[in-house]
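To start, the structure under review is shown below, and the notes come after it.
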Amino acid sequence: MLFILTHSLLSPREPSRQALWGLTLLAFVLSLLVFAFLYGSSPVIYDADSYYHLAVAREYAQEGMSGPLKSIRGGLLATRFGDKEVLFHLFLEPFVSRLEPSLGGRLALALLGSSILTIVAHFSLRVVGNWGFLIPFWLLVGSSEFSWRLVRLRPELLALILILLALWVAGVRRYRWLIVISAIFALSYTAIHAFVGIFVILFLVNAWARRRWEWRLALFPVVGALIGLLIHPQFPDNLAVWWFQSIEYFRFKGLLDVGTEIRPNFTDVVVMVNLGWFLGLAILWRSTEVGEERDSGDDLWLTFGVGAGVFGGLYLLMSRFSLYFVPLATLWVLFEIYRRGRRWTPWVRLPWRGRVRSSLAWCVCILISLPVARAELHRYRERTNAGPDQVRIVDREAFGQAVPEGGHVLAPWRTTPIYMYYAPQGQYLNVLDPVFLAAADPEADRIQRAVFAGVEPDVPAAAVDGLDSELIAYPVSTGNPTLTQRLLGDPRVEVLHRGSHWLFQIDRSGSEALVGPWSIVPSGSSLPPGNSGDILGWDTYPRAVDANGKTIEGYVDAARVSTTSECIAFAHRLEVASETRVTYELAGSGPTVLWLDGEPVTQMRRGDGAVLGQGTELSLRLVAGEHLLTVLSCVDPESGRNGFYLVERENNAGS
Numbered sequence: 000m001l002f003i004l005t006h007s008l009l010s011p012r013e014p015s016r017q018a019l020w021g022l023t024l025l026a027f028v029l030s031l032l033v034f035a036f037l038y039g040s041s042p043v044i045y046d047a048d049s050y051y052h053l054a055v056a057r058e059y060a061q062e063g064m065s066g067p068l069k070s071i072r073g074g075l076l077a078t079r080f081g082d083k084e085v086l087f088h089l090f091l092e093p094f095v096s097r098l099e100p101s102l103g104g105r106l107a108l109a110l111l112g113s114s115i116l117t118i119v120a121h122f123s124l125r126v127v128g129n130w131g132f133l134i135p136f137w138l139l140v141g142s143s144e145f146s147w148r149l150v151r152l153r154p155e156l157l158a159l160i161l162i163l164l165a166l167w168v169a170g171v172r173r174y175r176w177l178i179v180i181s182a183i184f185a186l187s188y189t190a191i192h193a194f195v196g197i198f199v200i201l202f203l204v205n206a207w208a209r210r211r212w213e214w215r216l217a218l219f220p221v222v223g224a225l226i227g228l229l230i231h232p233q234f235p236d237n238l239a240v241w242w243f244q245s246i247e248y249f250r251f252k253g254l255l256d257v258g259t260e261i262r263p264n265f266t267d268v269v270v271m272v273n274l275g276w277f278l279g280l281a282i283l284w285r286s287t288e289v290g291e292e293r294d295s296g297d298d299l300w301l302t303f304g305v306g307a308g309v310f311g312g313l314y315l316l317m318s319r320f321s322l323y324f325v326p327l328a329t330l331w332v333l334f335e336i337y338r339r340g341r342r343w344t345p346w347v348r349l350p351w352r353g354r355v356r357s358s359l360a361w362c363v364c365i366l367i368s369l370p371v372a373r374a375e376l377h378r379y380r381e382r383t384n385a386g387p388d389q390v391r392i393v394d395r396e397a398f399g400q401a402v403p404e405g406g407h408v409l410a411p412w413r414t415t416p417i418y419m420y421y422a423p424q425g426q427y428l429n430v431l432d433p434v435f436l437a438a439a440d441p442e443a444d445r446i447q448r449a450v451f452a453g454v455e456p457d458v459p460a461a462a463v464d465g466l467d468s469e470l471i472a473y474p475v476s477t478g479n480p481t482l483t484q485r486l487l488g489d490p491r492v493e494v495l496h497r498g499s500h501w502l503f504q505i506d507r508s509g510s511e512a513l514v515g516p517w518s519i520v521p522s523g524s525s526l527p528p529g530n531s532g533d534i535l536g537w538d539t540y541p542r543a544v545d546a547n548g549k550t551i552e553g554y555v556d557a558a559r560v561s562t563t564s565e566c567i568a569f570a571h572r573l574e575v576a577s578e579t580r581v582t583y584e585l586a587g588s589g590p591t592v593l594w595l596d597g598e599p600v601t602q603m604r605r606g607d608g609a610v611l612g613q614g615t616e617l618s619l620r621l622v623a624g625e626h627l628l629t630v631l632s633c634v635d636p637e638s639g640r641n642g643f644y645l646v647e648r649e650n651n652a653g654s
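Residue numbers for the sequence shown follow numbering that gives the first Met the number 0, so the first one is 0 and each next one is one higher.
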């Protein structure tokens, strides 16, 4: 058998039926071994979104599909969980229920990747002969942008498989299969409109260019899509999710951090990561010579050409579509060679005069591809390396154990999938795509973005009162350093886990260290006030309306008193039972002045952003009796904020 396969591979003839399926099987086995070796030695999955899909599949296996995910509590997915990739998650379910989920996920990823390469190999073998077996392996090396997408356990891999199969059945005019494949696609991936759009465009091209009205080409994918959408187990919530992901997304795209893959790559990057692929396409074409056009193959050429054109246009807009464009464009070129009946030669015609051996040209192509492929492989190894003694996995598992049962966790959407996987007992505000929170609850999205950008001065109050979260988690490598400083210096915050990922818990008892309540010094009054009796009858600083906010907030926000750019003064009457020495920390957004009993204590000419732990420490000796603390708070010209913290850090009674 091995002799037959080897002889067939090296032969220029078209493969026999036996050799066709033998080489197809060999392509599957070899590609599966390649991916198994790559993923087997990488215990950390490359892509964070992969952990979301594993977490959903695991929850399906444990809890069934009766309602929304228990781990999601905010945004659209908390109330209308119409799983946009339900079949993909059901495909993963046996891998995560019968194997260790991470191992099962990597095995599933290897199967999906090898299936894609096998389909490409099979189609190539059918139209260009035996050596078409090598085409998918050349794509792996020649286009790092394509192979880079294969390391992500995402439903787009299943979507590519379905698109390849659908284009083939359309090219051989077996249109009824489009109903089945379209229905499966609608249950497997959210972009059913793109799938249907390809065949509508194909129908229009046929009608315009050939005057051939293939109504089934447009009708059957639409029928299949409708069937898939209607039989969805979470209908009609799946339609709401589709609307948010496919329509509302573009309304919020410019406002949200939606990742780099939805932006186009720079031209030099596109050229470098695909240089071997571009060169290989040229070699494919220039190593053939003019022949007689065939009676068959025209439909396949047009079908894959339209598919390549659609995803080529999308690729120019978003780099993530390289996954589809590279194999479709490659097959389109091969089908064009087949359609024209061009004959393969052992030579490659150069653009100028002369020719070189095809074997030499391919060696040069591979050598040119290797440096980029090697660099990308090294980057993959670094990002999936568990570290000495599996430290990254140990850290994530420790993080998961630190999350209390049912804890409401506030985390960036990018890393929430990792937390869902390692701490499934937690409940998370936003996951998978920021549009699900932004479109469903714009105010919650605004608060969350302000917190993780480090610009929200009162993080505990914003988390508890605004986002119903008592836990805050994020990776230290990408977390905002100002946010970290705020949390570490805040008496209301306790560190539950400190590693590659931070986990903070808000402790209401720490609010006792925050000085208050405050009265508002009337505009036009002399500063500082004369004595504590002066504040009687003055308006008090307005606290949060919600009871949760009143018990946790600590930042004195002058914007609640006045929205003008003027400075606002606040006063606090302090009663001391016996002589004591108190250490305070004053942290102001802008220029701030503090008086004690009418005497100046400190003046901050510039604010520190109201970052606790970075403010000014003051040690004050207080005698028994009443005292008056007065703070003049002014606007920070950079942030436009006006407010301050005054926190009691230490109290030594009798000192």
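Backbone N, C-alpha and C fix where the C-beta goes; we use that ideal spot for every residue, glycine too. Bear in mind that the values here come from a model prediction, so they are computed numbers and not experimental data.
Going by beta-carbon coordinates alone, are residue i and residue j separated by less than 8 Å?
i: Gly131; j: Ser142; result: no
i: Ile534; j: Arg572; result: yes
i: Ile118; j: Leu156; result: no
i: Asp432; j: Gln244; result: yes
i: Ser468; j: Leu409; result: yes
i: Phe184; j: Leu161; result: yes
i: Arg148; j: Ser49; result: no
i: Ile392; j: Val127; result: no
i: Ser618; j: Arg580; result: yes
i: Asp457; j: Tyr554; result: yes
i: Gly498; j: Asp388; result: no
i: Leu611; j: Asp489; result: yes
i: Glu584; j: Gly614; result: yes
State buried or exposed for residue i, treating a residue as buried only when at least 16 other CB atoms are found within 10 Å of its CB.
i: Trp20; result: exposed
i: Arg496; result: Looking at the sequence provided, one finds His at residue 496 rather than Arg. Answer is buried; the Cβ neighbour count reaches 16.
i: Val268; result: exposed
i: Arg16; result: exposed
i: Gln61; result: exposed
i: Phe36; result: exposed
i: Arg382; result: exposed
i: His500; result: buried
i: Phe2; result: In this prediction, Phe2 has a pLDDT of 36, which is less than 50 and means its spatial position is unreliable; nothing more can be read from the coordinates.
i: Arg640; result: buried
i: Asn651; result: exposed
i: Glu84; result: buried
i: Phe80; result: buried
i: His192; result: exposed
i: Tyr248; result: buried
i: Leu22; result: buried
i: Ala461; result: buried
Where do the N-terminal and C-terminal ends of the alpha helix (DSSP H) with residue i fall, by residue?
i: Leu124; result: 100-127
i: Tyr583; result: It is not in any alpha helix (DSSP H) - Tyr583 instead sits in the beta strand (DSSP E) that spans 579-587.
i: Arg285; result: 274-285
i: Glu92; result: 85-97
i: Glu155; result: 154-170
i: Val309; result: 297-316
i: Leu428; result: Run containing Leu428: none; DSSP gives neither H nor E here.
i: Ser143; result: 143-148
i: Val222; result: 214-229
i: Tyr59; result: 47-62
i: Tyr418; result: 415-421
i: Glu396; result: 390-401
Per the DSSP calculation, residue i is bridged to which residue(s)?
i: His626; result: Leu573
i: Leu594; result: Checking the displayed sequence, the identity of residue 594 turns out to be Trp instead of Leu. DSSP output for Trp594 lists Pro599, Thr629 as bridge partner(s).
i: Asn650; result: Val581
i: Ile567; result: Ser632
i: Glu442; result: None, per the DSSP bridge assignment.
i: Glu616; result: Glu584
i: Gly406; result: None; Gly406 has no bridge partner.
i: Tyr323; result: Tyr323 is not bridged to any residue.
i: Tyr38; result: Beta-bridge pairing links Tyr38 to no other residue.
i: Tyr644; result: Ala586
Tell me where the beta strand (DSSP E) around residue i begins and ends.
i: Gln602; result: 598-603
i: Ile71; result: It is not in any beta strand (DSSP E) - Ile71 carries neither H nor E in the DSSP assignment.
i: Pro474; result: 470-474
**Prompt:** What runs of the alpha helix (DSSP H), each 4 residues or longer, lie entirely inside the segment 489-558?
**Reply:** 546-551
**Message:** Runs of 4 residues minimum, wholly inside the segment 333-387: which ones carry the alpha helix (DSSP H) assignment?
**Reply:** 357-383
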